[in-house]
């Protein structure tokens with residue numbers, strides 16, 4: 001059996017680079033899963049709470065406006081001319 005042909009330097013460099021890229025990619029995925037995702041989940045729940053509070057305020061203002069507009073107008077003095 002013949003020995004395997006020696007690898008060319010550029011092929012070995014390419015294999016080394018691919019190995020380093022794979023390791024770096026695994027580290028990036030781990031960082032995103034461990035650090036970024038929990039932060040996004042925390043902040044998104046805070047954002048939803050803030051939005052809910054603002055929507056509650058808006059609903060209250062809408063209710064107040066509806067009550068004011070459905071109230072009868074104040075009586076006019078009897079001696080004033082009507083339009």
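In full-length UniProt numbering, the protein residues as written are 1 to 83.
Even glycine gets a Cβ: it sits at the ideal position worked out from N, Cα and C.
The alpha-carbon separation between residue 60 and residue 69 amounts to approximately 14 Å. For residue 36, there is no enclosing alpha helix (DSSP H), as DSSP marks it with neither H nor E. Secondary structure of residue 8 (DSSP, three-state): coil.
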